[in-house]
Structures are given as structure tokens and as C-alpha cells.
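If you read the sequence shown in full-length UniProt numbering, its first letter stands for residue 1, the second for the next number, and so on.
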Amino acid sequence: MAAAEEIWNLVEAKKEDFFALSDKVWATPELCYSEFKSVNEHLAMLERQGFRVVRNVAGIPTAVMGEAGEGGPIIAFLGEYDALPGLSQTAGLAEFSPIEKDGHGHGCGHNLLGAAALLAATAVKDYLAANSLSGRVRYYGCPAEEGGAGKAFMAREGAFDGVDAAITWHPAFFNMVWDSGSLATLGVDFSFTGRTAHAAATPHLGRSALDAVELMNVGVNYMREHMSSHARVHYAIIDGGGVAPNVVQSHAKVRYSIRAPQQTELVELGERVRKIAQGAALMTETEVSEDVHAAVASLLRNGPLEEALHANLTRLGPTGFDDRDRAIAAPFQTPCSPKEIAASYELWQLAPREHTVLCDEVWPLRQVTAPVMGSTDVGDVSRTVPTVQLLAATHVIGPPSHTWQWTAQSNSDPARKGMAYAAKIMAATGADVLTDDRLRTAVKEEFRRQSALDPFTCLMHADLRPSLSRQAG
């Protein structure tokens, strides 16, 4: 194992600078593929810390990579900095008070995520230099995790080629390895084209595209009984054909997000949804076209990497929240029902603890087979290189992410404490991978074995490019 205490001291020495980075990103929230202020802050920090910088990674203006070190293996740290719409909120306030009406906010803590990953990369860079060790460390600033599948596009374009292992994390309720899978996702828009007409005078001459959308949604809802319990299908009407009810709508569009634990099931579900769309077009005498706008893979787990990460969790111990931290966090838990608090544990298949505001323990490494009922574009990285993901306690147990309550806490002292904690765990694990030949060999062998058992093919065609108009939702 690498000298963990030396790594942790390096994180401690620079954490205040990275707290400031996190605060700046929190203060200027930006949505996927428009994170220009955020990526510029990360670029500036990379340059200040002496990284060699590559801009426009995979042709994406808000994607960046910084590299340091020479020769040897390569370890990557994955960062994010995108926000969510409609979640603007005053920092630290446990009642709804948006800074900007309908403004954006970091309701998933990605301001913390990117800053901690870059702090971890910096600590490993400094560790290699101080000990005259060969090896390279990379930080990838990845845009558009929230609905835009940024890492999936980056992986498709070969951005992670040559990396020996990748490490990332996510702000969370608990301190643990992300030791369950995720759902693969396919995002498809179905556009129906009909024929307009006066809805009262000549309705018989019209063919309603909106009727086709409605029939499609009914058909998909009937399909739900006949798919696996872990699969999910969601939809949103993004073009209803206009606002005039006395006009037969000649166009309408519905966006579908289809999810399944395995890619084979995802592809099968996608084909069934397509058949329903074709059936709706047939019934309404309209035409339908489809546009795949994003797809992300399910996570491919790596046992040796998970064990290495958990070993560093155990070695460092709990976060060290104190009474002041709990006092800051408690008002956010007070309005939560017992069911909402229990749901925080159930999401990660954990047994609830009583009277806990902030998690200050390390959960054991488990053998979980059921996936978390969500999706992440980290899945595509995990299909390209061996990848591991940490969960670190930054938020009060109770209010779910993607809420203004999370935005309010994502710029707090407990969140910063959890952010530094995450950086220490990731940095120590990254140094272990770089310096331990046996660990690195075991990681690669496990990656080859798992990849053979669960093959992956990118579902996005080569001409598909990321853009603001193409978000997975």
C-alpha cells in the first residue's frame, strides 16, 4: 500500500484552495454542456497546480483533461460540475428560498464532486513528485452527467484510452464503496407527423400527431406488466403540437428514457417501444421518426478496485463530523418523515440507523447483486477501463438529491468536510494502483473477465454529437 498518511497530509495542505473552487462552481450553476464558467475555474486550478492541460476533450468545449507525471501506469480521476434546473436555493437555509426564480442549483453536489476529484489528482501528483516515482495522473473534467451522457461521448471518442484505472465519487448520505450496479439507459425521441385541419369544421381531414403520442404512451404503459422488475420506462411530451384545441395537431414529440440492468434487455425493451410507436402511427395514419439522443451503459464492477478503495476507507475511518456539523444539518432532516429517512437507506440496500443526522461510520463492503435504480454515465467509463466509485457522506440523511435541500447543503461546512474526506480516500487508492504491480494486474484481469461475461457495444451512432438539444433527461 502507498503511504496513506503522506497522501492525506497532502490533501490537508491544499484543501482550502479546493473548497474555494467548489464554492465558485456552486455560486455559478450551469446546466449540461454549458458549464463554461465552471470548466474555466477547473482549467485555472489545473494550470496553477502544474498539470499539462488538454481542452475540448472529445470535441466538447466544456470537457477538459489535465495530466502530470512521466512514464509508468496512468490513473484517472473523474470530476463533474454541472447543475440542475429549477433548484436555485440560498446556502444553508432549510426553507425554500431561491436565489433566482426558476434558477439552477447544485442539487446533486457536483460542485463538490469535481473539486474533490481534482484535489485527489493533485495530491497524487505531488506524492509522485516528492518520492521520485514514475507514473501519470490525469484529471478529467466531465460535463453533462445530469442528462447529457457526457462521459459516454468521451468514452466513445477514446478519451480514456490508455488509462489503467479510473476513480470517482459522489456526494451521498453514507461512506461506502458504490458496490452495486446501475441501470443502462437509452434515450429516444419519437416525432409524429400528421395532417392539420379545423377541429370543428373538417376534423375528418386531419390526422392528429398528438393522438399518436397519447396512444403510444398508453401502449407503453400496458407493457410495464411484461418486463423485469428492475427495468424502467419514463416519458415526457416535449412537443404537444401547439396550444390551440380547435386545430388538429400536425406534429408532436415524446421523449422516452428506457432503463434496464443489462444491455441485452435494454436493446429488447427499446425494440418493443419502437414497435408500439409504429403501431400508434398505424392507428392514427401518421408517420413516426425516431432520434436516439443519448445512451449510457450499466456499471461494470471491479472487485479488486472495490477492495482497495474499501481498505482505504477502513484505514482512514469515519469522517469526523462534530456537534456543530450536526447542528447545521439537523434542520434539513426535521421536516422528513420516517419513510423518507428510511428511503435513504433503502436506496443503497442498507439497514436503517436510528437518530442519525449525518453518517459518521464506514459501511462494510458487500456482495450486492441488485442494481441501484438509477443511471450514470460513469458506466461507459467502466466499460472502457477498470473503474471504481466512492460514496462519501456530505448531506443529511433524509432529503433526496435533486432537491433544493441538497443545493442548500452543497455549500456547507459538513459538505466540505465530506469532500476533503472523499479526496483522501480516492488519492490513497490512486496511489495504491500506481505503485502496486500486483493490485494493478488483478484489476486488469478482473476487468477482462467481467467484460467477457457482459459485453458492451455503444448504442449511440458515430455521427451523434452532444448538444444542449440532446439531453437524456
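The C-beta atom is built at its ideal place from N, Cα and C for all residues, glycine as well. For clarity, every value in this text was computed on a predicted model and none was experimentally measured.
Using beta-carbon positions only, say whether residue i and residue j come within less than 9 Å of one another.
i: T457; j: A422; result: no
i: residue 500; j: S298; result: The chain is shown only over 1 to 473; residue 500 falls outside these bounds and no answer can be derived.
i: A184; j: A260; result: yes
i: A194; j: H251; result: For the sequence presented, residue 194 should be read as Gly rather than Ala. Yes; because the gap between Cβ atoms is below 9 Å, this pair is in contact.
i: E80; j: G147; result: no
i: A123; j: A427; result: yes
i: V25; j: G69; result: no
i: N302; j: P386; result: yes
i: A172; j: A392; result: yes
i: Y127; j: E265; result: no
i: E132; j: G72; result: Position check: residue 132 holds Ser in this sequence, whereas Glu was assumed. Going by C-beta atoms, S132 is not nearer than 9 Å to G72.
i: E145; j: H198; result: no
i: R416; j: S22; result: yes
i: residue 481; j: I276; result: Any question about residue 481 goes unanswered here, given that the chain covers just 1 to 473.
i: A280; j: L186; result: no
i: N175; j: L43; result: no
Judging by CA-CA distance, which residue of the options is the nearest neighbour of residue i?
i: R326; options: R440, W8, H355; result: H355
i: V362; options: R383, T319, R353; result: T319
i: P85; options: Q409, G50, M45, C32; result: C32
i: W348; options: L358, M419, G374; result: G374
i: L93; options: W404, I341, L316; result: W404
i: G66; options: A58, E145, F51, I60; result: F51
i: A408; options: A311, K14, A442, E95; result: E95
i: A370; options: S34, V57, N111, W178; result: W178
i: A462; options: A4, A58, S401, S34; result: A58
i: V288; options: V213, E271, L305; result: V213
i: L439; options: E346, P304, D323, V233; result: P304
i: R224; options: S191, G242, D23, L269; result: L269
i: L300; options: I276, Q278, Q263; result: Q263
i: W406; options: S97, E47, S228; result: S97
i: F332; options: V396, F18, V233; result: V396
i: T334; options: Q278, L358, L46; result: L358
i: G240; options: R232, R272, F190, H234; result: F190
i: A311; options: P143, R55, M45, L365; result: L365
To which residues of the same chain is residue i closer than 8 Å at the C-beta, ignoring the five residues directly before and after it?
i: E100; result: S88
i: T196; result: G206, V247, V248, Q249, S250
i: C336; result: G398, P399
i: V11; result: L119, A120, A123, A420, A423, K424, A427
i: Q278; result: V288
Identify, in the order they occur along the chain, each residue of the same chain with its Cβ nearer than 7 Å to the Cβ of residue i, setting aside the five sequence neighbours on each side.
i: D211; result: T284
i: D380; result: K151, A152, A155, V296, A297
i: L309; result: V177, V388, L390, I425, T429
i: S208; result: G194, V248, Q249, T284
i: A4; result: N312, R315, A428
i: R470; result: Note that R470 scores 47 on pLDDT, short of 50, meaning its location in the model is unreliable; the coordinates nonetheless yield the value given after this. Correct list, in chain order: H293, A294.
Taking only three categories from DSSP, how would you classify residue i?
i: S228; result: coil
i: S191; result: strand
i: S22; result: helix
i: I75; result: strand
i: G105; result: strand
i: I276; result: helix
i: A197; result: coil
i: V368; result: coil
i: I258; result: strand
i: V357; result: coil
i: H110; result: helix
i: E70; result: strand
i: L233; result: The sequence given here has Val at residue 233, not Leu. In the structure shown, V233 sits in a strand (DSSP, three-state: E or B).
i: V124; result: helix
i: G135; result: strand
i: V213; result: helix
i: S38; result: helix
i: V163; result: coil
Who pairs with residue i in a beta bridge, going by DSSP?
i: W169; result: L390
i: N175; result: V362
i: M65; result: V54, Y140
i: A295; result: L186
i: K253; result: S191, D239
i: L84; result: G105
i: R207; result: R195
i: E290; result: F190
i: V247; result: H198
Apart from the five residues just before and just after residue i, which ones in its own chain have a Cβ nearer than 6 Å to its Cβ?
i: V188; result: Y256, E290, V292
i: G430; result: I75, V124, I167
i: F77; result: A117, A120, A121, Y139, I167
i: P29; result: A83, H104, G105, H106
i: S401; result: C108
i: L46; result: V53, G66
Return no unless some Cβ of chain D is closer than 9 Å to the Cβ of residue i.
i: R366; result: The structure shown contains no chain D, having only a single protein chain.
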